[in-house]
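Comments concern the structure below.
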Amino acid sequence: MSLSNSLTSLNRASSMSDSIFSVDIDDNLKSTFKNIPQMTNEELIESIEKCKNLIADSEEMSIERKWLIRKLVELRFHQVQKTAKIPEKIVSELSVNSHDFRPQKGAPSKRTFCDFCTNCIWIFQQCFTCIHCFYNAHAKCIKHVNRLCAHVTVCEKGQPEIRICPEIGLSLQLYRCAECRLPLMNKQFYLEPRKCHYSGLYFCKTCHWNNYSIVPANIVHNWDFEQRPVSRIALQEINLFYERPVIKLEQINPKLFVFIAKLGTVKTKRLQLIEMKRYLDVCKFALKEKLVDKTIGKRRYLVEGIDFYSIYDLVCVENVSMFDYLSGIIGIFKNHIMNCEICHGHGYICEYCGDKTPIFPFNDGIYKCENCNNCFHRQCITGVRRECSKCIRLKEKKNLTNENKTVENS
Ligand SMILES: [Zn+2]
Ligand SMILES: [Zn+2]
Ligand SMILES: [Zn+2]
Ligand SMILES: [Zn+2]
Ligand SMILES: [Zn+2]
Ligand SMILES: [Zn+2]
Numbered sequence: 001m002s003l004s005n006s007l008t009s010l011n012r013a014s015s016m017s018d019s020i021f022s023v024d025i026d027d028n029l030k031s032t033f034k035n036i037p038q039m040t041n042e043e044l045i046e047s048i049e050k051c052k053n054l055i056a057d058s059e060e061m062s063i064e065r066k067w068l069i070r071k072l073v074e075l076r077f078h079q080v081q082k083t084a085k086i087p088e089k090i091v092s093e094l095s096v097n098s099h100d101f102r103p104q105k106g107a108p109s110k111r112t113f114c115d116f117c118t119n120c121i122w123i124f125q126q127c128f129t130c131i132h133c134f135y136n137a138h139a140k141c142i143k144h145v146n147r148l149c150a151h152v153t154v155c156e157k158g159q160p161e162i163r164i165c166p167e168i169g170l171s172l173q174l175y176r177c178a179e180c181r182l183p184l185m186n187k188q189f190y191l192e193p194r195k196c197h198y199s200g201l202y203f204c205k206t207c208h209w210n211n212y213s214i215v216p217a218n219i220v221h222n223w224d225f226e227q228r229p230v231s232r233i234a235l236q237e238i239n240l241f242y243e244r245p246v247i248k249l250e251q252i253n254p255k256l257f258v259f260i261a262k263l264g265t266v267k268t269k270r271l272q273l274i275e276m277k278r279y280l281d282v283c284k285f286a287l288k289e290k291l292v293d294k295t296i297g298k299r300r301y302l303v304e305g306i307d308f309y310s311i312y313d314l315v316c317v318e319n320v321s322m323f324d325y326l327s328g329i330i331g332i333f334k335n336h337i338m339n340c341e342i343c344h345g346h347g348y349i350c351e352y353c354g355d356k357t358p359i360f361p362f363n364d365g366i367y368k369c370e371n372c373n374n375c376f377h378r379q380c381i382t383g384v385r386r387e388c389s390k391c392i393r394l395k396e397k398k399n400l401t402n403e404n405k406t407v408e409n410s
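Residue 1 is where the sequence shown starts when you use the UniProt record's numbering, and the numbers rise one by one after that.
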């Protein structure tokens, strides 16, 4: 593989982002990320942080965000190169269209096929794998790879395709493969076009290997986990999205929570965990012990809100492992709160029955006032006494001050 060739392909990836988007990008922003290849390691680390913050502040799907994501890829690429002290020549040869290829160590555990030429990568041949999207290729094929790294498309899109098989039809695709543009039909031959059930597009057999996968859109709309044929690029995308909590399920399809009892139960458990986490967030013992982090790690979003689900979460809801997982965490959190002097001291006493045993909003049979967070036994607040006693007190106090003010003013 010639160096000049690969350097052009690397530059193509980065300059492509410049040429596509730069017209709409602010000059100040452009100058912030100028001369990336010349940056020192420290400057690169600093710029990566800056770029990440700018991405978080940018508008979803905006041109600015896309431009920033490509800059981030470029910055990371140069940073990895600087820290690993890999000679520039080798690194640039292994970087094509934002992929970052690395030689696989040892023999592959199972038969591996080249994503570019679709042939087997034999044990005596070196297999190169992209560290971001796991695209595999022969050494000789790397320089020809034309698919943009799925990691970049995943970052740009933000969430998987949630329209069910959004087909445009072969004619609008001009009877060509959606990826490599190979003609799929002409007078002399007919190359069985393969439909991707994720993107709805048709592909040639080099770009679509009849891999089967669950399709997020079918889950989100129909709670359907059947595996369907998808293209290579779709498979890589689904795999990269798999554990990312980016699906706002209830917002997309609220009815699902009515019809799928398992989802309703999971939502209740998450609400319970959110209440528990409020105690753990202000308890010095729990903080010192890093209880929340240790228990839930990178799935922390499950106890920070009820909006987001990953594809993996939905699979876990369906096979009920999510139920057991959340029940386990509830057990651990509850055990801490009940046995910790700080947390237990923050329990409520039901003002209606006066029972001295502290009650907590996450317990069963407890009613929590939406206004003032005061808690009661559910059986104590039903019937005649429908209003929260604390709220009644606050209201009376407010009325009294208002009356006093009127007397003073008159
Ligand atoms: Zn890649
Ligand atoms: Zn190959
Ligand atoms: Zn193709
Ligand atoms: Zn505590
Ligand atoms: Zn009570
Ligand atoms: Zn209240």
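Where a beta carbon is used, it is the ideal one built from N, C-alpha and C, also for glycine.
Measure the C-alpha to C-alpha separation of Glu226 and Ile238 and round it to an integer number of angstroms. As a working note, residue 226 is residue 226 in the sequence shown. As a working note, residue 238 is residue 238 in the sequence shown. Going by the C-alpha atoms only, they are around 14 Å apart.
Alpha-carbon spacing of Glu370 relative to Asp324, whole angstroms: What you label residue 370 is simply residue 370 of the sequence shown in a count that begins at 1. What you label residue 324 is simply residue 324 of the sequence shown in a count that begins at 1. Counting only the Cα atoms, Asp324 lies some 29 Å from Glu370.
Looking at C-alpha atoms only, which residue of Arg65, Glu49, Phe362 and Ser58 is the closest neighbour of Leu75? Residue mapping note: residue 75 aligns to position 75 of the sequence shown, counting from 1. Nearest C-alpha to Leu75 among Arg65, Glu49, Phe362 and Ser58: Glu49.
Which runs of the alpha helix (DSSP H) spanning at least 4 residues fall entirely within the segment 263–338, listed in chain order? The segment 263–338 contains these whole alpha helix (DSSP H) runs: 284–289, 291–296 and 311–318.
Any heavy atom of ligand 6 within a distance shorter than 7 Å of the CB on Asn374? Counted from its first residue, the sequence shown places residue 374 at position 374. Correct: Asn374 has its Cβ closer than 7 Å to ligand 6.
Under 7 Å from any heavy atom of ligand 1, does the C-beta of Cys207 make it? Counted from its first residue, the sequence shown places residue 207 at position 207. False, no ligand heavy atom lies under 7 Å from that Cβ.
Which residues DSSP lists as bridging Ala137, in chain order: In the sequence shown, the residue the question calls residue 137 occupies position 137. DSSP lists Phe128 as the beta-bridge partner residues of Ala137.
Would you kindly work out how many angstroms separate the C-alpha atoms of Asn136 and Asp100, rounded to a whole number? Translated into positions along the sequence shown, residue 136 becomes position 136. Translated into positions along the sequence shown, residue 100 becomes position 100. Distance from the CA atom of Asn136 to the CA atom of Asp100, rounded to whole angstroms, is 11 Å.
Hey, could you find the ends of the alpha helix (DSSP H) Phe259 is sitting in? Here residue 259 corresponds to residue number 259 of the sequence shown, with the count starting at 1. DSSP places Phe259 in the uninterrupted alpha helix (DSSP H) bounded by Leu256 to Phe259.
Please determine whether the Cβ atom of Asn210 lies at a distance below 7 Å from any heavy atom of ligand 6. As a first step, residue 210 is located in the sequence shown; it is residue number 210 there, counting from the start. No - ligand 6 has no heavy atom lying nearer than 7 Å to the Cβ of Asn210.
Using the three-state DSSP reduction, which class does Arg244 fall into: helix, strand or coil? Taking the sequence shown and counting its residues from 1, one reaches residue 244 at position 244. Residue state, collapsed to three classes: coil.
Please go through the same chain and pick out, in chain order, the residues whose beta-carbon is closer than 6 Å to the beta-carbon of Cys375, but skip the five residues on each side of it. Position 375 of the sequence shown holds residue 375. Here the set comprises Tyr348, Ile359, Pro361, Ile366 and Lys368.
Mapping DSSP to helix, strand and coil, what is Gln173? Here residue 173 refers to the residue found at position 173 of the sequence shown. Coil.
Per-residue burial, Asn253 [other beta carbons within 10 Å of its own, 16 or more giving buried]: On the sequence shown, residue 253 is found 253 positions in, with the first residue counted as 1. So Asn253 ends up on the buried side.
Nearest by alpha-carbon distance to Phe259: which of Ile342, Val320, Asp26 and Trp223 is it? Working through the sequence shown from its first residue, we reach residue 259 at position 259. Among Ile342, Val320, Asp26 and Trp223, the Cα nearest to that of Phe259 belongs to Trp223.
For Tyr352, decide whether its Cβ has a neighbour in chain D, counting only Cβ atoms nearer than 8 Å. Absence of chain D from the displayed structure is noted, only one protein chain being present.
Can you name, in chain order, every residue of its own chain whose Cβ lies under 6 Å from the Cβ of Leu72, other than the five neighbours on each side? Within the sequence shown, numbered from 1, the residue matching residue 72 stands at position 72. Contacts found: Cys51.
Measuring alpha carbon to alpha carbon, tell me which residue in His344, Ile306 and Pro183 is nearest Pro245. Position 245 of the sequence shown, counting from 1, holds the residue named residue 245. Out of His344, Ile306 and Pro183, Ile306 has the C-alpha closest to the C-alpha of Pro245.
Would you say His377 touches ligand 5, meaning its beta carbon is less than 7 Å from a heavy atom? Working through the sequence shown from its first residue, we reach residue 377 at position 377. With a cutoff of 7 Å, His377 counts as near ligand 5, since its C-beta is closer than that to a heavy atom of the ligand.
8 Å Cβ cutoff met for Pro229 and His197: Counting from one through the sequence shown, the residue named residue 229 turns up at place 229. Counting from one through the sequence shown, the residue named residue 197 turns up at place 197. Cβ distance < 8 Å, so Pro229 and His197 count as in contact.
Suppose the cutoff is 8 Å on Cβ atoms and the five residues either side in sequence are ignored; what does the same chain contact list for Leu280 look like? Counting from 1 along the sequence shown, the entry for residue 280 is found at position 280. For Leu280, same chain residues with a beta-carbon under 8 Å away, outside a window of 5 residues either side, are Ala286, Leu287, Leu291, Val292, Phe333, His336, Ile337 and Cys343 in chain order.
Determine the contact status of Lys262 and Val320, defining contact as a CB-CB distance below 8 Å. Position 262 of the sequence shown holds residue 262. Position 320 of the sequence shown holds residue 320. Yes, the pair counts as a contact, with Cβ atoms nearer than the cut-off.
Is Ile332 near ligand 4, in the sense that its beta carbon is under 7 Å from a heavy atom of that ligand? Taking the sequence shown and counting its residues from 1, one reaches residue 332 at position 332. In this structure, the C-beta of Ile332 stays at least 7 Å away from each heavy atom of ligand 4.
Roughly how far, in whole angstroms, is the beta-carbon of Cys380 from the beta-carbon of Cys340, given that I think they are within contact range, below 8 Å? As a position in the sequence shown, residue 380 is number 380, starting the count at 1. As a position in the sequence shown, residue 340 is number 340, starting the count at 1. That pair is no contact at about 26 Å.
Rounded to the nearest angstrom, what separates Pro37 and Arg65 at their Cα positions? Numbered from 1 along the sequence shown, position 37 holds the residue referred to as residue 37. Numbered from 1 along the sequence shown, position 65 holds the residue referred to as residue 65. Rounded to the nearest angstrom, the gap between the Cα atoms of Pro37 and Arg65 is 21 Å.
Please report the residue range of the alpha helix (DSSP H) in which Arg378 lies. Stepping through the sequence shown from its first residue, residue 378 is reached at position 378. Its alpha helix (DSSP H) spans residues Arg378 to Ile381.
May I ask you to report which of helix, strand or coil DSSP gives Val230? Numbered from 1 along the sequence shown, position 230 holds the residue referred to as residue 230. In this structure, Val230 counts as strand in the three-state DSSP scheme.
Please report how far the alpha carbon of Asp313 lies from the alpha carbon of Met322, in whole angstroms. Taking the first residue of the sequence shown as position 1, residue 313 is located at position 313. Taking the first residue of the sequence shown as position 1, residue 322 is located at position 322. C-alpha separation (whole angstroms): 7 Å.
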